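Trainee:
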Amino acid sequence: MILSLLNILQSELHMVPAAILLILILPLSSNQRVRYYGCFIVYIFIVSAAALVLLPIFLLRPKNVRNCVLTGYLLRHISKLVGIQWELRRRDILEVERGAVIVANHQSMFDILGMFDFWDVMGKCAAVARKEVFYVWPFGLAAWAAGVVFIDRKRGRVANHQLDEASSLIKLHKTKLWLFLVPSGSPLPAKLPSFLLFIRRIIS
Numbered sequence: 001m002i003l004s005l006l007n008i009l010q011s012e013l014h015m016v017p018a019a020i021l022l023i024l025i026l027p028l029s030s031n032q033r034v035r036y037y038g039c040f041i042v043y044i045f046i047v048s049a050a051a052l053v054l055l056p057i058f059l060l061r062p063k064n065v066r067n068c069v070l071t072g073y074l075l076r077h078i079s080k081l082v083g084i085q086w087e088l089r090r091r092d093i094l095e096v097e098r099g100a101v102i103v104a105n106h107q108s109m110f111d112i113l114g115m116f117d118f119w120d121v122m123g124k125c126a127a128v129a130r131k132e133v134f135y136v137w138p139f140g141l142a143a144w145a146a147g148v149v150f151i152d153r154k155r156g157r158v159a160n161h162q163l164d165e166a167s168s169l170i171k172l173h174k175t176k177l178w179l180f181l182v183p184s185g186s187p188l189p190a191k192l193p194s195f196l197l198f199i200r201r202i203i204s
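Every letter in the sequence shown is one number past the one before it in UniProt numbering, and letter 183, counting from 1, is 183.
1. Would you mind working out which of 125, 99, 165, 149 sits nearest residue 132, comparing C-alpha positions?
2. Between which two residues does the beta strand (DSSP E) holding residue 151 run?
3. When the distance is taken between beta carbons, is residue 102 closer than 9 Å to residue 179?
4. In chain order, what residues of the same chain have a beta carbon less than 8 Å from the beta carbon of residue 55, not counting five sequence neighbours either side?
5. Under the rule that 16 or more other beta-carbon atoms within 10 Å means buried, what is residue 65, buried or exposed?
6. Under the DSSP definition of a beta bridge, which residues are partnered with residue 176?
7. What number of angstroms, rounded off, separates the C-alpha of residue 77 from the C-alpha of residue 48?
8. On the CB-based measure, 16 or more other CB atoms within 10 Å of its CB, does residue 124 come out buried or exposed?
9. Compute the Euclidean distance between the alpha carbons of residue 184 and residue 173, then round it to the nearest angstrom.
10. Rounded to whole angstroms, what is the Cα-Cα separation between residue 176 and residue 43?
11. When you compare the CB positions of residue 72 and residue 116, do they come within less than 9 Å of one another, or not?
12. What whole-angstrom Cβ distance do residue 121 and residue 88 have, given they're in contact under 8 Å?
13. Using the Cβ count rule (16 or more neighbours within 10 Å means buried), how would you classify residue 93?
14. Rounding to the nearest angstrom, what Cα-Cα distance links residue 62 and residue 90 in this structure?
15. I'd like the list of long-range same chain contacts for residue 84, defined as Cβ closer than 7 Å, with 5 residues on each side in sequence excluded.
16. Could you check if residue 31 is buried or exposed, using at least 16 other CB atoms within 10 Å of its CB as the buried criterion?
17. Can you give the Cα-Cα distance for residue 129 and residue 36, rounded to whole angstroms?
18. Is there at least one Cβ from chain D nearer than 9 Å to residue 58's Cβ?
19. For my contact list, residue 100 and residue 74 are in at a C-beta cut-off of 8 Å; report their separation, rounded to the angstrom.
20. My output table needs one value for residue 35: the three-state DSSP class, helix, strand or coil.
Structural data, given as structure tokens:
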């Protein structure tokens with residue numbers, strides 16, 4: 001069974017370049033619906049492929065936040081492909097090498113493209129993500145190797161330890177932390193107090 005599947009895959013390898021090209025031109029479609037979903041497909045495809053390629057490089061210096069700068073250089077071009085333009089204000093503030101907390105609104109999966117676009121400006125910056133993101137492989141595994149800080153919100157003691165690690169990044173290593181304020185763009189005002197406590201725990 002497995003051998004037959006491998007034989008089928010081997011016989012269809014010549015179709016791979018054509019399939020990749022087809023995926024990449026989806027955002028150029030004149031059909032709005034095809035273009036809309038095509039942008040998401042291209043985004044997921046390129047990010048996943050980049051994660052597979054970059055993972056061995058990241059493992060040479062695992063958990064080093066400077067790995068993310070390399071990611072930014074490679075993946076910032078996705079924004080142009082899907083038609084997103086970013087405007088960076090007060091670049092001089094982000095360029096300073098010091099610990100800081102960057103708070104950003106989270107509306108869609110494309111938000112991470114903003115980080116990719118600015119990472120070379122920020123220098124040492126680690127994104128903070130929910131633990132569940134780690135299990136979205138290959139992206140999650142590459143993110144871990146690149147120094148992303150994962151927070152287990154359901155296990156208080158573990159979360160506290162992870163927050164302490166994040167705090168040391170800011171204080172000892174002059175690393176910036178990128179936090180998304182609310183998930184999926186929903187207001188959730190009830191979560192704001194706990195979020196403020198979260199930030200205070202990191203910077204205290």
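The C-beta atom is built at its ideal place from N, Cα and C for all residues, glycine as well. Please read these numbers as outputs of a predicted model, since none were measured by experiment.
Mentor: This is what the structure gives:
1. With respect to the C-alpha of residue 132, the residue from 125, 99, 165, 149 having the closest C-alpha is 149.
2. 149-151
3. yes
4. 138, 141, 142, 145
5. buried
6. 100, 125
7. Taking the straight line joining both Cα atoms gives about 15 Å.
8. buried
9. Its pLDDT being 47, under 50, residue 184 is placed unreliably in this model, and the value from its coordinates should be taken loosely. Roughly 30 Å between the two C-alpha positions.
10. Rounded to the nearest whole angstrom, the C-alpha separation of residue 176 and residue 43 is 25 Å.
11. yes
12. Yes, they are in contact, since the Cβ atoms of residue 121 and residue 88 sit about 7 Å apart, within 8 Å.
13. exposed
14. Computed Cα separation, rounded: 31 Å.
15. 110, 113
16. exposed
17. 26 Å
18. Going by chain labels, chain D is absent from the structure shown, which holds only one protein chain.
19. The Cβ separation is near 24 Å, so there is no contact.
20. helix
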